[in-house]
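J.:
Residue numbers (my numbering), protein chains in the order written: chain A, 495 to 943; chain B, 204 to 1037.
#1: First and last residue of the beta strand (DSSP E) that includes residue 910 of chain A?
#2: To the nearest angstrom, report how far apart residue 913 of chain B and residue 901 of chain B are at their CA atoms.
#3: Are residue 841 of chain B and residue 965 of chain B close, meaning C-beta to C-beta below 8 Å?
#4: Please state the DSSP three-state secondary structure of residue 495 of chain B.
#5: Look at the Cβ atom of residue 978 of chain B, then the Cβ atom of residue 1009 of chain B, and state whether they are nearer than 8 Å.
#6: What residues from chain A crowd round residue 657 of chain B, counting only those whose CB sits closer than 9 Å?
#7: Restricting to Cα atoms, I'd like to know which of A/577, A/571, A/841 and A/737 is closest to residue 556 of chain A.
#8: I need the straight-line Cα distance from residue 238 of chain B to residue 381 of chain B, nearest angstrom please.
#9: I'd like to know if residue 942 of chain A contacts chain B, where contact means its C-beta is closer than 8 Å to some C-beta of that chain.
#10: Kindly say whether residue 589 of chain B, judged by its beta-carbon, lies nearer than 8 Å to any beta-carbon of chain A.
#11: Using a Cβ-Cβ cutoff of 9 Å, what residues of the region 378-412 of chain B are near chain A? List them in chain order.
#12: Nearest to residue 585 of chain B by CA position, among B/354, B/696 and B/387, is which residue?
#13: Residue ranges of each alpha helix (DSSP H) run of no fewer than 4 residues wholly in the region 823-881 of chain A, ordered along the chain?
#14: Residues in the region 706-717 of chain A with C-beta within 8 Å of chain B's C-beta atoms, listed in sequence order?
#15: CA-CA distance, residue 812 of chain A and residue 712 of chain B?
#16: Does the beta carbon of residue 341 of chain B sit closer than 8 Å to a beta carbon anywhere in chain A?
#17: Fully enclosed by the region 672-749 of chain B, which alpha helix (DSSP H) runs are 4 residues long or longer?
#18: Would residue 891 of chain B count as contacting chain A if we go by Cβ distances under 8 Å?
#19: When burial is assigned at 16 or more other CB atoms within 10 Å of the CB, is residue 751 of chain A buried or exposed?
#20: List the residues of chain B whose Cβ lies closer than 9 Å to the Cβ of residue 677 of chain A, in chain order.
#21: Which bits of chain A does residue 680 of chain B rub up against, with CB to CB less than 8 Å?
#22: Please determine if the region 645-662 of chain A and the region 674-691 of chain A are in contact, where contact requires at least 3 C-beta pairs separated by less than 8 Å.
#23: Does residue 518 of chain A come out as helix, strand or coil in the three-state DSSP assignment?
#24: Would a C-beta distance cut-off of 8 Å place residue 1079 of chain B and residue 366 of chain B closer than the cut-off?
#25: Tell me residue 902 of chain A's beta-bridge partners as DSSP assigns them.
#26: Along chain B, in chain order, which residues have C-beta atoms closer than 8 Å to that of residue 547 of chain A?
#27: Does residue 792 of chain B get closer than 8 Å to chain A when you measure Cβ to Cβ?
#28: Beta carbon of residue 455 of chain B, beta carbon of residue 525 of chain B: below 8 Å?
#29: Apply the 10 Å Cβ neighbour rule to residue 662 of chain A and answer buried if 16 or more other Cβ atoms are within range, or exposed otherwise.
#30: As a quick exercise: from B/822, B/564 and B/704, pick the residue whose alpha carbon is nearest that of residue 1027 of chain B.
#31: Answer yes or no: does any C-beta atom of chain A fall closer than 8 Å to that of residue 485 of chain B?
#32: Per DSSP, which residues does residue 557 of chain A bridge with? Please list them.
#33: Using 8 Å as the threshold, is the C-beta distance between residue 620 of chain A and residue 605 of chain A below it?
#34: Can you list the alpha helix (DSSP H) stretches of 4 or more residues lying completely in the region 630-701 of chain A, in chain order?
#35: Please tell me whether, using a cut-off of 7 Å, the distance from the CB of residue 932 of chain A to the nearest non-hydrogen atom of the ligand GTP is below it.
#36: Using only CA atoms, which one of A/706, A/766 and A/786 lies nearest to residue 655 of chain A?
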């Protein structure tokens, strides 16, 4: 973990001088030419181990008049909230429920068989397909009108430092899990650092590409493939830096004003269970700042991991989350604690909604929340049954054309159809996503009212 | 197996569909990674690599099968074995005919599976007898009577030889070494050594503790020195008193110095807590890590989290000073504590402190994405943008250190040697040395031009020149992919492979120079060199990490138990259990006999007072504690059998309330015996003990897994796990559960199909210690860990050769590792370029 002991040290390390700060603040999208199409953003927030259905789901379909305990923190945004009950993750095959729960959530497709073994003895590998967030990012990035510096950012809070099926939500393609960044200082560095460094990087990229070309001659076809993939990454980096430089040359400092400042990060917050509330706030602040600067249109925010064992001592719960989630419904004390845990997660969703609602949408009317849809979800319907039915899907915000302020009840529709709805809402309708078998009926009906 | 039908023999069960082990081809641990370029799954139905070989394998005469083993262009050898094989030919032909007519429709011509029918490939490690049993009972689906007895055996034999067995698989797709990049740990170890090449490194010595100088004076003053000695660690409470005779309570100074050994790679939290004026220096001998210089006497606490690389020494010093005050005497105390990546906070134990100092070290802090470990070991088989970005940031981090630390030192040394040294020429030398070291080879003119002279010529100043050269070098595939050194001399390549295998790092100057002088030309010289290299702390850390992988310990961070049922089972106890296990593993490896069988049979363990308080008298320390807390227990063969019954593993392989024969069985089969277990049909939640009061764990598990659907695998899993039922959810010995006596009988069917029964954990571990499956699994796993390539890629007989040497050496672990290094140093069998 990189931790800078002071902000000054950070600025020194990353080569940001006072003079470059105003420029950085306004380092807006690469798509600076276009401000006409309203922006659409999607945030997926993942929290683990299922929910307590009784304290989570509204009883009836229809207008959302009040929330149950788990969702109460969203009260200020009730009119902008949509709950979707009865959406099932029907993907089967290899992997235990926790694995499939997280890895099929945004990919809508089975896992490869593999050697990553679960507690209930169902080894599996990575997901067989791209996840919706990454797919949408690719769509957005392929069009100069919607292209942004990063396309998507993958945030995490206390994601274990190991790559396996339980710790990865996003996939760039089959077998290509994307690691979330759960260290706010590292994310800050990615967003705002590296100016001087990037000049040095730019100066060696030509020679580096030559080196790749020379060395590839000695290799077998299979080995060459890996190196070609690597060389392609070097080319991508080269292209990004060139675009940044062109943009810097083309855009006078005051040409783009998004009213956006580099966020102040609290110093020295360790990556530690007990610091989760602070880490969460820092990550959300960074996310809102990145959106304001139009660095990206897609974001994911992953709390711990599927099976995550956070110990929420700050709300008086000493036991690990996953351990608690196994307790039967009859254990009322555990149910209350689990409700509190989900309520805490909900507070984080509400904090993001609040920050977005307080930030005016750059170049358009309304707040950023009006142009951003947050989808809060989970790998399981309920922790003790490990069911993949009734996966929690709670949406907050706007911009995707869904009619909000409602509780919707479905009769066990595959969640692939929800993925189709989200794709359509973002402006990229597709006939199927993930396993086509579950997409036959198209996007969910009734979402737009 | 009483509860699940104990009268049945191993092949009497009735599995659903196919109980044939069907781990899909792409992830079979015995399948070479080479067949998964870019970590993409092999789809057996469209794998072009398969086709030519398989067509050959399935040519009309089955005897062609054995020809496929040898080169197709060589004449068949005139061997009497061929005659004998001919006798079996008729049966194989019969098997092939049955398979083609009755099985291939669902399983595919080559057992590769058929989409929509039975998809998983028929690949596994069951014996022909077991396969025959399964086929007799269940196949073809819906009409199992159609293929029984000799027919079932014929078809079993056929699929075993044609594609099912490991041997058949490695014949079909020869294992090969795939190009791999440095793993995150290899990357960190390498850049740390690149730094140490210029800065020097700490010496690994057997003495432990910190050097301490005591002064009767509030500062270092030679004539006031009262005492010099080695202290076990820093954890002192002087209060109002003086630290010892000859020192005034009102004013004194203590200077501790030495180095700290990081036993594993990861994030360490360092905490200095105390009253009084203190300064801690760590990693960097010139910079203050914690500065509590200005103290008014209150309790101060400083904490920092820092990534350290396992197997490395970091300089450490602490100055504690008490000055005379006008306003009364203050209490003095000082504790230097850490929390290791998986441990709990504790004063840094003596065994990780070395009294001799070390020069400034480089501890890279750039986060790197975790490496792929989907094949059961960490390897550099995949790349991603995150990884590429991390290597960029890592290079820049090193560049900063090169600019601020290495270059000034290099320049100063050069000027000391020759006052008139031309600074630009010194810089060129410095950069040349850096590039050569990073690329693990002497530089020729072309490389020097490209990596040193060209960036040097274009950079605006010294600093930028260093940054560019470092970036270009550490981002170069020549550094990141050690196996790309194809044009280097054989000795140079051997040196590089030895360093990578044993240290996860670059060859040091001594090794490079030995290679340059041709001292690694013959196998015995390489062996001697490997033996010496194994003594290095980097090897020590790598071996411990390998044993952790063997035992799959990475999975266990916290072991949460029901604290009502197991009061006292807390994080501190888990920390002690982890330490107890690690001490045991290290003791076995580094003892003179280095006897692998101790892992499975040792009737002693390491213990602490805390462990004894929880586990009882049998865990009382029998000897003196090695560093204040941990000591060996006495012998108790009924209670202990090496790692298998160690309370850390027993607790990890259990639920919060109850033991888990399934966790334990799967662990024994997969990790200790190296067997393949099929993916279950579905994920199950274990039966809730509260809903089945009165049933023992064994009975509950038998109840849940008793159906024919489950028994295909659970016959094997439960048969192993039940043998450990004498240990409860926290690994305490028990003789009864739910007022019923514990039944710890179990059964195992080995690779060859032989059935073994045991009545107790002691029976089980006695068997394990002599089992070839266990040795095979250990050798295989350690090889994958050390070399990060399949052993088959280094020659057909390498596995047998390793096992034979291992056996002949009395299962000497260190000698086994040396032999692995010798094999790795020779390199994989070349594969012709496509």
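Idealized CB from N, CA, C, for every residue including glycine. This one's a predicted model, so the numbers in the text were calculated from it and none came from an experiment.
T.: So, to answer that:
#1: Run containing residue 910 of chain A: none in the beta strand (DSSP E); it sits in the alpha helix (DSSP H), 909-919.
#2: 15 Å
#3: yes
#4: strand
#5: yes
#6: 701
#7: A/577
#8: In this prediction, residue 238 of chain B scores a pLDDT of 31, lower than 50, which makes its location untrustworthy; the coordinate-derived value is nonetheless stated afterwards. Rounded to whole angstroms, residue 238 of chain B to residue 381 of chain B spans 8 Å at the Cα level.
#9: no
#10: yes
#11: 379, 381, 382, 383 and 384
#12: B/387
#13: 826-852
#14: 706, 709, 712, 713, 714, 715, 716 and 717
#15: 52 Å
#16: no
#17: 680-683, 693-706, 712-719 and 726-737
#18: yes
#19: Any answer about residue 751 of chain A is weak, because its pLDDT of 37 lies below 50 and its placement is not dependable; what the coordinates show is given next. Result: exposed.
#20: 570
#21: 705, 706, 709, 721 and 724
#22: yes
#23: Note that residue 518 of chain A scores 41 on pLDDT, short of 50, meaning its location in the model is unreliable; the coordinates nonetheless yield the value given after this. In this structure, residue 518 of chain A counts as helix in the three-state DSSP scheme.
#24: No statement about residue 1079 of chain B is possible, as the shown extent of chain B runs from 204 to 1037 and does not include it.
#25: A/578
#26: Going along chain B, no residue has its Cβ under 8 Å from residue 547 of chain A, so there is no contact; the nearest lies around 16 Å.
#27: no
#28: yes
#29: buried
#30: B/704
#31: no
#32: A/900
#33: yes
#34: 678-686
#35: In terms of ligand content, the structure shown is empty, and the ligand GTP therefore cannot be addressed.
#36: A/766
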